[in-house]
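Residue numbers for the sequence shown, in our numbering: 1 to 60. Glycine included, every Cβ here is placed at the ideal spot set by N, Cα and C. Note sheet for the following structure.
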Amino acid sequence: MTLVALLIDVVVAGLYFVQKQAMSQSMFWLGLIVQVVLTVILLFMVFTYKGQRKVKWFDF
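Structure representation (structure tokens):
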């Protein structure tokens with residue numbers, strides 16, 4: 001799961017730099033939509049992760 005999250009972060013960062021270089025209106029909206037969707041996926045992954053906890057005192 002950590003590797004998937006890192007890959008999504010790299011894709012979003014790359015998309016940001018491509019979006020910054022191609023300052024067209026369509027690229028702006030496409031980049032914005034893809035970044036929002038991938039950010040929501042990352043947030044979903046954060047709150048649904050049920051992996052092993054290393055620290056016992058920080059267990060919710």
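- In this structure, the alpha-carbon of G14 lies about 25 Å from that of Y49.
- Ranking S24, Q52, V40 by CA distance to the CA of I8 puts V40 first.
- Inter-residue distance for L38 and V12 is about 7 Å (C-alpha atoms, whole angstroms).
- Taken through DSSP and simplified to helix, strand or coil, K50 comes out as coil.
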